[in-house]
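Protein chains in written order, with the numbering used here: chain A, 28 to 245; chain B, 28 to 245.
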DNA sequence: GTCTATATCCTGATAGAC
DNA sequence: GTCTATCAGGATATAGAC
């Protein structure tokens, strides 16, 4: 494995174990078995390394979501709410539960992208998510034609929150208990999907002022 | 104001602005206008200061939730799902939107309690939340007698996630845009409560294996 | 209780030999 | 590309005068 790869790999594990802020370049290079100076040689800075670690997981995740959405749209038939929810949620659940694919880091990214010093990485994240959020919002609008656009954004938002929290928490559980239960993606989906379907289909409260939440990422 | 109080106050603001990990004791004492050594004198360590900052917001929040639950139970009548959801959510929404009460810090606590180095503060948080979670789970069970206990825990979990995320995101929005909209607690409730009611009342998927998510805090 | 001064250690980054 | 050595600075914590 190349030095660059070894650094990314080591960084991901250490970020997952101890958090990004608590992980120094010295920890990373020592674990990777490479020289301290190699980080700056290969990435330019610590922040650039962090982005590289994030991107390695985010890009395949969002490509998989778009692929599944393409697949649904390619049928030409109207797409059900449930299919859209699953297309959005299943890929992230699957990755988050997969040690090989960097699940543990993934949930830390979630929290830390909101936690980091007034969002040093905000532009980076916005770029990673824009297309996915736009396309899913549009498709959800098609599946829920009676739902006002604003309400739809809020509910998309609630869905992301419920899912993110579930992932974060279960992941913590695994880290702490060390229990391996790769099969529980299906269990989680069976709990979460009906909850979300019902939420999306809830009646809309009347006399609603106008405001949209910031479209957010995970 | 006492030195101790000044330190807590300054720490809260700096944690909210730059994150806990990025805030040093030097930042805090300099902003508080006190001596560096005062932190260790009054709190013993940096971590103990962090807990003190958290506790100042968490204790009133959870007491308010319990107070509202007491109030509902004191009527002797059956309690509606909506009342329970509001009793749990409204206090945290209100605090999170109130600059005076430390809203900005609050959302960081949310994220950072999951983000911090393998949960240095886990015992602390567990202690802060145990009673609230137990009592609300029990009351929700009363309002949804047909819902299996496990499913109820999952849905409580989803509620926390959707709410936490909404708070975190809106708070970020405010930090970034600088917009002040204290009135939008009502707006948020009007969006969130129907979503959650519907979610709690969703049909339960059949043939469900058994597993409970870790009860989690915010 | 509050201060100054300092011990001890770790940080990210870089210069320059190989 | 990889190494050693080092810079310049910041971290927490404490000893000891007042």
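Note that the Cβ used here is the ideal one computed from N, Cα and C, for glycine as well.
The continuous alpha helix (DSSP H) containing residue 226(B) extends over residues 211-227.
When DSSP states are grouped into helix, strand and coil, residue 118(B) belongs to the helix group. Residue 231(A) is a Cβ neighbour of residue 175(A), given a cutoff of 8 Å. A check of alpha carbon separations from residue 47(B) across 59(B), 71(B) and 76(B) identifies 76(B) as the nearest. For the pair of segments examined, the stretch 58-76 of chain A was found not to touch the stretch 183-196 of chain A: the number of CB pairs separated by less than 8 Å stays below three. By the C-beta density criterion, residue 123(B) is buried, having at least 16 other C-beta atoms within 10 angstroms. Listed by position along chain A, the residues whose Cβ is nearer than 9 Å to that of residue 168(B) form an empty set, because the closest Cβ is around 17 Å away. Looking at 115(A), 217(A) and 152(A), the one whose alpha-carbon comes closest to that of residue 165(A) is 115(A). Among the residues of the stretch 159-189 of chain A, those with a Cβ less than 9 Å away from any Cβ of chain B are 177, 178, 181, 182, 184, 185, 186, 187, 188 and 189, in the order of the chain. DSSP places residue 34(A) inside the alpha helix (DSSP H), whose first and last residues are 30-45. The Cβ of residue 112(B) sits no closer than 8 Å to any Cβ of chain A.
Under a 10 Å Cβ-count criterion, residue 64(A) is classified as exposed, with fewer than 16 other Cβ atoms of the shown protein chains found around its own Cβ. Contact of residue 126(A) with chain B is not assigned, every C-beta pair being separated by 8 Å or more. Per DSSP, reduced to three states, the secondary structure at residue 107(A) is coil, with no helix or strand assignment. For the pair residue 109(A) and residue 224(A), the CB atoms are nearer than the 8 Å cut-off. The beta carbon of residue 97(A) sits no closer than 8 Å to any beta carbon of chain B.
Taking a cut-off of 8 Å on C-beta distances, the stretch 31-51 of chain B touches the stretch 77-87 of chain B, as three or more cross pairs fall below it. For residue 163(A), the closest alpha carbon among the candidates 112(A), 139(A) and 125(A) is that of 112(A). Just measuring C-alpha positions, the residue of 78(B), 105(B), 100(B) and 118(B) sitting nearest residue 91(B) is 118(B).
For residue 127(B), the secondary structure class from DSSP, reduced to helix, strand or coil, is coil. Annotated as proximal: residue 221(B) and residue 229(A), with beta-carbon spacing under 8 Å.
The CB of residue 192(B) comes closer than 8 Å to the CB of 184, 185, 187, 188, 189, 191, 192 and 243 in chain A, given here in chain order. Residue 49(A) belongs to the set of residues whose beta carbon lies under 8 Å from a beta carbon in chain B.
Residue contact with chain A for residue 218(B): present (Cβ-Cβ distance below 8 Å to some residue of chain A).
Here residue 127(A) is exposed. Its C-beta has fewer than 16 other C-beta atoms within 10 Å. For residue 151(A), the uninterrupted alpha helix (DSSP H) segment begins and ends at 149-170. Neighbours of residue 225(B) across chain A, judged by C-beta separation under 7 Å: 225, 226, 228 and 229. Counting only Cβ-Cβ distances below 8 Å, residue 221(A) has contacts in chain B at 229, 230, 231 and 232, in chain order. Shown here, residue 102(B) sits in coil according to DSSP, grouped into three states, outside any helix or strand.
Around the C-beta of residue 130(A), 16 or more other C-beta atoms lie within 10 Å, and the residue is accordingly described as buried.
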